[in-house]
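Q: Residue numbers (my numbering): 252 to 767.
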Ligand code: BGC
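1. Enumerated in chain order, which unbroken segments of the alpha helix (DSSP H) with a length of 4 residues or greater are wholly contained in the region 669-734?
2. In its own chain, which residues sit with a C-beta less than 6 Å from the C-beta of residue 370, not counting the 5 before and 5 after it?
3. Opposite residue 452 in the DSSP bridges: which residues?
4. Check the DSSP bridge columns for residue 312 and list the partner residues they point to.
5. Confirm, please, whether the CB-CB distance from residue 412 to residue 453 is below 7 Å.
6. Would you kindly work out how many angstroms separate the C-alpha atoms of residue 547 and residue 530, rounded to a whole number?
7. Establish whether the CB of residue 463 and some CB of chain D are separated by less than 7 Å.
8. Roughly how many angstroms separate the alpha carbons of residue 720 and residue 670, rounded to a whole number?
9. Going by the C-beta, is residue 504 closer than 6 Å to any heavy atom of the ligand BGC?
10. Less than 6 Å separating the Cβ of residue 479 from some heavy atom of the ligand BGC?
11. Could you tell me which residues DSSP pairs with residue 294 in its beta bridges?
12. For residue 578, which of helix, strand or coil comes out of DSSP?
13. Could you tell me if the beta carbon of residue 373 falls within a distance shorter than 6 Å of some heavy atom in the ligand BGC?
14. On the three-pair Cβ rule with 8 Å, is the region 426-441 touching the region 484-502?
15. Within a Cβ cutoff of 6 Å, which residues of the same chain sit near residue 615, ignoring the five residues on either side of it in sequence?
16. Return yes when the C-beta of residue 473 is under 6 Å from any heavy atom of the ligand BGC, and no when it is not.
17. Tell me the rounded alpha-carbon separation between residue 372 and residue 729.
18. Count the C-beta pairs between the region 648-661 and the region 548-564 that are closer than 8 Å, then say yes if the count reaches three, no if not.
19. Which residues does DSSP pair with residue 529 in a beta bridge?
20. I'd like to check one pair, residue 628 with residue 640: are the Cβ atoms closer than 7 Å?
21. Inspect the beta-carbon positions of residue 589 and residue 517 and report whether they are closer than 7 Å.
22. What span of residues does the beta strand (DSSP E) with residue 660 cover, start to end?
23. Quick one: is the Cβ of residue 774 within less than 6 Å of any heavy atom of the ligand BGC?
24. By how many angstroms is the C-alpha of residue 593 removed from the C-alpha of residue 665?
25. Specify whether the region 348-368 and the region 689-697 touch according to this definition: at least 3 beta carbon pairs, one from each stretch, less than 8 Å apart.
26. Ignore the nearest five residues each way along the sequence and tell me which others in residue 756's own chain have a CB closer than 7 Å to its CB.
27. Quick one: does the C-beta of residue 301 sit closer than 6 Å to a heavy atom of the ligand BGC?
28. Per the DSSP calculation, residue 647 is bridged to which residue(s)?
29. Flag residue 657 as yes when its Cβ comes closer than 6 Å to any non-hydrogen atom of the ligand BGC, and as no otherwise.
30. Grab me the residues of residue 418's own chain with a C-beta within less than 8 Å of its C-beta, minus the 5 sequence neighbours each way, in chain order.
31. Beta-carbon within less than 7 Å of residue 723's beta-carbon, same chain only, minus the 5 sequence neighbours each way: which residues are those?
32. Can you tell me where the beta strand (DSSP E) holding residue 740 begins and where it ends?
33. Given a threshold of 16 other Cβ atoms within 10 Å of its Cβ, counted over all protein chains shown, does residue 697 qualify as buried or as exposed?
34. Mind checking whether residue 528 and residue 599 have CB atoms under 7 Å apart?
35. What number of angstroms, rounded off, separates the C-alpha of residue 702 from the C-alpha of residue 291?
36. Report the residue from 574, 569, 678 and 537 whose alpha carbon sits nearest the alpha carbon of residue 496.
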């Protein structure tokens, strides 16, 4: 009887969700267009916000060492695995680093207050590996690091905010680099497994969502392919990627065997995913766009979910792509429970096998364009080659749904870049960010109406922060950060998100927020 009642309730809520979703095509965007259990949150990462780089017995991470070393040139890349070179002096555009960043380590309670005012029910953050295990598995667990994340997690839960934790978001203890070359060595699998296990055992009683990696493709492409991120290697991305995939598998195996049944959580991976649109309406460009998608997302997701690299990659790369041994294949059987998608933009792709192309950015024979017939693919943002193309989120979600049998998905990042050079009034009155969020959410909702199992959406980011090679010249926050005083101020987008989450029907009128 009880089971029947449950079934009726599930059926009724599904029906309600369907009706509400159908209404959403004609009505303004509303919280109710998403299921009640849907996670709405904001995202950050340790190195980008925490600061306190030498406090609480934390050791130096690869990013601490990288940002402190001088003399290399600054070259911007970071767009959907394609690189656009703009070289200048100093590695980080403004010569900065994450030593202090947004000082979240000291004022995390204030930041939780901001989350609470927004009304989010989940917060995605990453753990600084070098805070928990300053020497990897070659030293002791650091009690001060454990205490920091325990306090953070407990304080979130007290406010009804579900922690959504990334194990590594680019930063690793420098010691692992110095000892054995980090992701280039299979030894890292053991270290990553050890780190993961420490986190599961210390925090897993309260953390129900784990991601092993944030954007492993960007980590290995930029750190081991083009050399723009630490440790600045070139042409070694596939071996580093191979070790990252197997490190994911190691952590998932540990979670499944020793923790999941008791802790009842989910474990997944977060992948960077742009949408690639054929430049011309012909089958060559269509195939080229498909190929680029494989090099971007399927590179990691196919082995984890289907057990091997995508055939398109194998065909294009031959022996440059490692193969999985029988033992490694066995490890891959643990797969994942969800796919995290970081989606920012879409780009055009053109096949260049049969005709010369002007673009200099290529993966094999495919070339990337940001405009068609002189018209940009979407509204430009402060980040070079990031355009607002809202339908792209529907496309990446449907692509992922089809290729991976509708594995549960979370949009773990979606955001809008402002330049720090803008006036205070412009920064606070971020109407373009509001438009972008509203439109992306509308298209995400379309994908869900088409059957995609999407369970959450996280805005990048809660607060302005250290934007990797761009330092503090770029701002993604819903809250403005004054880096001199560490004061936060809500932007218009924070107010908009808050209204949306509180169920106000949000037709966006361009209003004003006051200066701080
Ligand atoms: C990364 C973030 C970064 C954001 C904006 C994402 O790809 O995960 O760390 O700040 O993009 O560039």
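All residues carry an ideal CB built from backbone N, CA and C; glycine is no exception.
A: Here's the rundown:
1. Note on the region 669-734: whole alpha helix (DSSP H) runs with a minimum of 4 residues are 675-679 and 682-700, in chain order.
2. 749, 752 and 753
3. Residue 452 is not bridged to any residue.
4. 424
5. Not in contact: residue 453 and residue 412 (Cβ atoms no closer than 7 Å).
6. 18 Å
7. Here there is only one protein chain, and chain D is not present.
8. 14 Å
9. no
10. no
11. Residue pairing by DSSP places residue 294 opposite 375 and 711 in a beta bridge.
12. helix
13. no
14. yes
15. Note that residue 615 scores a pLDDT of 49, beneath 50, so its modelled location is shaky and nothing firm can be said.
16. Remark: the C-beta of residue 473 is outside contact range of the ligand BGC, defined as less than 6 Å to any heavy atom.
17. 16 Å
18. Below 8 Å, enough C-beta pairs join the region 648-661 and the region 548-564 to call them touching: three or more.
19. 600
20. yes
21. yes
22. 660-664
23. Not covered by the structure: residue 774. The range shown for the chain is 252 to 767.
24. 6 Å
25. Short answer: they don't touch.
26. So the qualifying residues of the chain are 279 and 281.
27. Because no heavy atom of the ligand BGC lies under 6 Å away, the Cβ of residue 301 does not count as near it: no.
28. Residue 647 is not bridged by DSSP to any residue.
29. no
30. 377, 378, 380, 443, 446, 447, 450, 461, 462, 463, 464 and 502
31. 345, 347, 671, 717 and 734
32. 738-741
33. The residue is buried, with at least 16 neighbouring Cβ atoms inside 10 Å.
34. yes
35. Going by the C-alpha atoms only, they are around 19 Å apart.
36. 574
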